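Chains A, B, C and D, in that order, are what the protein sequence lines are.
FYI, my numbering numbers position 67 of the first sequence as 67, with every residue one higher than the one before it.
FYI, my numbering numbers position 124 of the second sequence as 124, with every residue one higher than the one before it.
FYI, my numbering numbers position 37 of the third sequence as 37, with every residue one higher than the one before it.
FYI, my numbering numbers position 254 of the fourth sequence as 254, with every residue one higher than the one before it.
Think of the CB as a built atom: it goes at the ideal place given N, C-alpha and C, for glycine as much as any other residue.
Small disclaimer: the values here were computed from a predicted structure and weren't measured.
Take a look at the structure below.
Number of protein chains: 4
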Amino acid sequence: MNQVVGFIGLGNMGLPMAGHLAEAGVRVRVWNRSRAKADSLITRGAQWVPQLEGVAEAGAIVITMLSNDQAVKQLAGTESNLASRLAPGGIHLSMSTISPSTSRELAKHYEGLGASHVAAPVFGRPEAAAARKLWICISGPKAAKERVQPVLKILGQGIFDFGEDPGGANVVKLAGNFLIASAMEAMAEAFALAQKNGIDRSAVADLFGQTLFACPIYQNYGKAVAQERYTPAGFKLSLGLKDVDLVLQSAAASRMPMPLASLLHDRFMTGMAKGREEMDWSALALGVSEDAGLK
Amino acid sequence: MNQVVGFIGLGNMGLPMAGHLAEAGVRVRVWNRSRAKADSLITRGAQWVPQLEGVAEAGAIVITMLSNDQAVKQLAGTESNLASRLAPGGIHLSMSTISPSTSRELAKHYEGLGASHVAAPVFGRPEAAAARKLWICISGPKAAKERVQPVLKILGQGIFDFGEDPGGANVVKLAGNFLIASAMEAMAEAFALAQKNGIDRSAVADLFGQTLFACPIYQNYGKAVAQERYTPAGFKLSLGLKDVDLVLQSAAASRMPMPLASLLHDRFMTGMAKGREEMDWSALALGVSEDAGLK
Amino acid sequence: MNQVVGFIGLGNMGLPMAGHLAEAGVRVRVWNRSRAKADSLITRGAQWVPQLEGVAEAGAIVITMLSNDQAVKQLAGTESNLASRLAPGGIHLSMSTISPSTSRELAKHYEGLGASHVAAPVFGRPEAAAARKLWICISGPKAAKERVQPVLKILGQGIFDFGEDPGGANVVKLAGNFLIASAMEAMAEAFALAQKNGIDRSAVADLFGQTLFACPIYQNYGKAVAQERYTPAGFKLSLGLKDVDLVLQSAAASRMPMPLASLLHDRFMTGMAKGREEMDWSALALGVSEDAGLK
Amino acid sequence: MNQVVGFIGLGNMGLPMAGHLAEAGVRVRVWNRSRAKADSLITRGAQWVPQLEGVAEAGAIVITMLSNDQAVKQLAGTESNLASRLAPGGIHLSMSTISPSTSRELAKHYEGLGASHVAAPVFGRPEAAAARKLWICISGPKAAKERVQPVLKILGQGIFDFGEDPGGANVVKLAGNFLIASAMEAMAEAFALAQKNGIDRSAVADLFGQTLFACPIYQNYGKAVAQERYTPAGFKLSLGLKDVDLVLQSAAASRMPMPLASLLHDRFMTGMAKGREEMDWSALALGVSEDAGLK
């Protein structure tokens, strides 16, 4: 593929993603705060650019894979000149988990300068990124979504389109993280009830993971919650809180309550109060066990 | 199998179960409030007994598959003479969804009279009962659990043992129904958020049913909640409330809070307040949509 | 007053109440599980009766002041012969905090036997009972309510009539305890927020007790929660849970959710899980502080 | 009093407050978006200044009484030159309901430029402002707090000091609004339970307003919630939501959950979803009644 793809954000998700692009023959240009992170990519054919704006040129695609709204706004929003360098015809492919409202803001900014913005947040942990098994949700202008398809196909095992509203895919991504956290809370309460009745937590997790809930989320998080193994963190509790708060903000912007999201917010906040921000987000289950007098 | 198995409770679960036993050559004796229900079973070799106590004899197994704790207590507890007719050596195989405390009471009663009690509640709707695809949880005395294995294997696709405490299997069964209701609440909130953002509910349900939550509960209830089809009821909202209340009672007996179960209780109670007791329990999602101003 | 008034239940509420009646010249007959409790009353003119039924005679009034529904049902319900001894024309004056449904059951029982039942639960701690400062809610048949007025005026500083439904006064009493517990939860959260910001809990309690919430509940419980003094118990946490559960049962019987009552149930249950049943019910605030990482 | 006091914000709170200052002989300088609002003040001796900065001079006091954090930041924060005009020795007296974090930011800004910032949010509706019956919470540097005392004494009936942290008084103000909203939710649930049992809502409100909760909040809001009179708004539901969200933000910044505040957020959000933003904030009770099937 002769496509130029700039890549900003070489964290534990972005690094394997950029690597796959480079290996697939895409002309990848990378920029990162610390250059050291890019070494393995350069070996595989990626080009290092010393200045952020160097990742972009007219008509190119630039992917951002960053940790939060603020980072994306700063590096790819009005504080950067990315949009004008991509014009005419370039595309900002925003793959971070950010709020729908930030996505809508960015879309306006890019359109106003003659470029496009496509939201394409992903489901999957770093292992999935490494295995090209991400699930990708997209939303944005039709033509731009078509142009990014070949790039996304290199990264994921499935692409789901949620329309033209640039915030659509972000809503769905947040909804998914909300469903996962909800499942963890439900399992934490169910397993604590079992434990208080003398039943082995793992036996219960196994039953449900093999039957009614024979799917990855219940199997993997079920094991973590049953065995109470919360370190090392696959996804930090502080980030779980951040995402649940983005859910609540989106719900507020949409004028609706989400009482289960409120409960999750409270649970994560207890985790923060007790100094668990670096544990895995499944450590919300510790609060359940403590309330049950099990700790 | 030359085993005598009495069967009490020919509802939409019990009827297909008793039928499979009869077809498998078990000597099934059935009693039911209305005899008409038993006709199809008699054709298949089951024996009708005109008096409840006729289902039991020394050393036999008697299965109860009834709608609630009260019915089981009345027909198989101290108000009946089932236990003494099963003695010595008979087994009460209690397959209804009842509370752990009722199960523990029944176990004492049976033991005291020289018989045994095994709890064996099941997961699965009537279709699963008809297809012999039930998942069965058991708990109780070891020897008795071994003796009922051949009978249970006729009825289900998997048997999970939760120890000797007669209430153990009931705790797990309730925990399972709690997990299902929790998943429905989570999906209802997530889909309402999507809808408020102009995204098709079914598209979101499909995404999650194919990826993170590729398991029957999310696929089937996801479809119902996405399409808002709450009649006819597969499992009535009033029964959903009953089960969540059994969960909360068990949690109270175990001295622990279950805030997500409390939230579900409140949600089902709103459904009751609005006259939805005959709808499917997934109709709890209507309350979510109303709170969001979508109705 | 020449009225015969039987009195059942000489706990820390009943004892001062019966004393006031005796001193006012009412012909008080007392029965209690242990006679020792009655000694001080006998000195003041009360008559000890060795058998429970001795407290009643045709046309008399019998007051019950007991710890829960079960005790009232047992000593004054169908398991006793109190109703028939009061007939014709006697009145059961039920002053305990019990459920509306128990009250309705008792009313039917008494009416069926030619006697009457009046619910008259009270607000006030033992100090208020001793000072004749109780607030009394009543409900039941008009004529009976009029007949008990002189007796109630000896005990309280105000009588509030809630109609003919025998359960009415009980609903209001439970609603009151719910309001108190809600105020405690609100103060506990508010004071913890202040404390986390370096502000003295008592300074906040003083402000509100002197201004917006210048009323006994906020002043007294405000002080307890601010100073975190939870022993000795004025009203045990286990009884607080009992009352909130009666609230939830009444709400369920009325088909409505009460999410704040559910939150209180969960909070008290955490207290039970941590072995705080003998502390004052204001110790629900400990759970708030723990979740905030303050303990 | 020869003190110069600038006044920014002539809404339904600020207008009567500025009027009292003018009448007390303070040299009031007012600025407002629309001059018409100031006419009645000019009659009473206040001086109109055509430019915002005209309200301030070295050593003066400037009061802001505005609707939200953003307005205060814009008119009295880094976007204005108020701080430098007050230096040296002037004081910004911030009486709006804003977040502790905004207050802390402003304090830094003023200190950095040689002026002071005192937070002095108030409790009381416009009637209380008109009657000089406000309750005032203050926090900030000692000397500055002393200097503003004579001014505050003209406006309120009591001043409560919460220390040197500039955010302290704001935390307490938010805590107070949280207590009020909590009391409304509690009453709404209690009155709905009464109504479902055939009891008059107002009779219950009267009982509690005269006894356990004989204080203004329960008496006034109790009447509103009992009679279900939610227009005209004394304090809009949208502002109630704003304040509860400030509470939740402060709790988050303090790392603690406030589940009752979360419940209130959800309840107000349902009100927003149903188009009730212009109703009084006590209209949160409508959601309670709807969930109970009463509407």
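Check, Outcome
"Could you give the C-beta distance for A/Val247 and A/Met258, rounded to a whole number, given that I count them as a contact under 8 Å?", "7 Å"
"Considering just the uninterrupted stretch of the alpha helix (DSSP H) at B/Ala261, what are its terminal residues?", "Pro259 to Ala273"
"First and last residue of the beta strand (DSSP E) that includes C/Thr64?", "Ile61 to Thr64"
"Roughly how many angstroms separate the alpha carbons of A/Val55 and A/Asn2, rounded to a whole number?", "15 Å"
"Alpha helix (DSSP H) containing B/Asp243: first to last residue?", "Leu237 to Ala253"
"If you follow the beta strand (DSSP E) that C/Asp161 is part of, which residue opens it and which one closes it?", "Gly156 to Asp161"
"At a CB-CB cut-off below 7 Å, which residues of chain B make contact with C/Ser262?", "Ser262, His265 and Asp266"
"Once the 5 residues before and after D/Leu75 are set aside, which same chain residues still bring their CB inside 7 Å of it?", "Ile8, Leu52, Thr64 and Leu66"
"Would you say A/Asp297 lies against chain B (beta-carbon separation less than 8 Å)?", "Here chain A comprises residues numbered 1 to 295, so residue 297 of chain A is not present and cannot be evaluated."
"For A/Ala273, which residues in chain C fall below 7 Å Cβ to Cβ?", "Asp291, Ala292 and Gly293"
"Any beta carbon from chain D within less than 8 Å of B/Thr43's own beta carbon?", "no"
"What residues in the stretch 246–260 of chain A bring their beta carbon closer than 7 Å to a beta carbon of chain B?", "Ser250, Ala251, Ser254, Arg255, Met256, Pro257, Met258, Pro259 and Leu260"
"Between which two residues does the alpha helix (DSSP H) harbouring D/Phe191 extend?", "Gly168 to Lys196"
"In whole angstroms, give me the CA-to-CA distance for D/Arg29 and D/Ala18.", "9 Å"
"Does the stretch 161–176 of chain A come into contact with the stretch 198–217 of chain B, if we say contact requires no fewer than three beta-carbon pairs (one atom in each stretch) closer than 8 Å?", "yes"
"Can you say whether D/Arg229 is buried or exposed, counting buried as having 16 or more other CB atoms within 10 angstroms of its CB?", "exposed"
"Rounded to the nearest angstrom, how far is the Cβ of C/Gly222 from that of C/Asp280, given a contact under 8 Å?", "C/Gly222 to C/Asp280, Cβ: 13 Å. No contact."
"Return yes when the C-beta of C/Ile136 is under 7 Å from any heavy atom of the ligand FMN, and no when it is not.", "Among the ligands in the structure shown, none appear at all, so the ligand FMN cannot be discussed."
"Can you tell me whether DSSP reads A/Ile98 as helix, strand or coil?", "coil"
"For C/Thr270, decide whether its Cβ has a neighbour in chain A, counting only Cβ atoms nearer than 8 Å.", "yes"
"Here's the rule I'm using: 16 or more other beta-carbon atoms within 10 Å means buried, otherwise exposed. How should C/Ala131 be labelled?", "exposed"
"Comparing alpha-carbon positions, which option in B/Ala226, B/Ala285 and B/Val122 lies nearest B/Cys93?", "Contrary to the premise, residue 93 of chain B reads as Leu rather than Cys in this sequence. For B/Leu93, the nearest C-alpha among the options comes from B/Val122."
"Return the chain-ordered list of same chain residues with a C-beta closer than 8 Å to the C-beta of A/Pro106, the five sequence neighbours on each side being excluded.", "In the sequence as presented, Pro is not what sits at residue 106 of chain A; that position holds Leu. Same-chain partners within the cutoff: Val72, Lys73, Ala76, Gly77, His92, Ser94, His117 and Pro166."
"Compute the distance between the beta-carbons of A/Gly240 and A/Phe213, then report whether it is under 8 Å.", "no"
"Whole angstroms is fine: what's the gap from C/Thr211's alpha carbon to D/Ala169's?", "15 Å"
"Using a Cβ-Cβ distance cut-off of 8 Å, determine whether B/Ser182 contacts chain A.", "yes"
"List, in order along the chain, the chain A residues whose C-beta lies closer than 9 Å to that of B/Lys223?", "Residues of chain A passing the Cβ test: none, with the nearest at roughly 15 Å."
"On the three-state DSSP scale, how would you describe B/Phe208?", "helix"
"Report the residues of the stretch 126–153 of chain B with a CB closer than 9 Å to any CB of chain A, ordered along the chain.", "Trp135, Cys137 and Ser139"
"Kindly indicate the opening and closing residues of the beta strand (DSSP E) around A/Leu134.", "Leu134 to Ile138"
"Quick test of the definition: if touching needs 3 or more C-beta pairs under 8 Å, does the stretch 276–295 of chain C touch the stretch 10–17 of chain D?", "no"
"Just verifying my parser: in three-state terms, what is the DSSP assignment at B/Ile217?", "helix"
"Have a look at A/Ala87 and B/Ala194 and give me their C-alpha separation to the nearest angstrom.", "32 Å"
"So, for A/Ser101: in the same chain, excluding its five sequence neighbours on each side, which residues have a beta-carbon less than 7 Å away from its beta-carbon?", "Gly167 and Ala253"
"To the nearest angstrom, how far is the alpha carbon of C/Lys236 from that of C/Asp245?", "14 Å"
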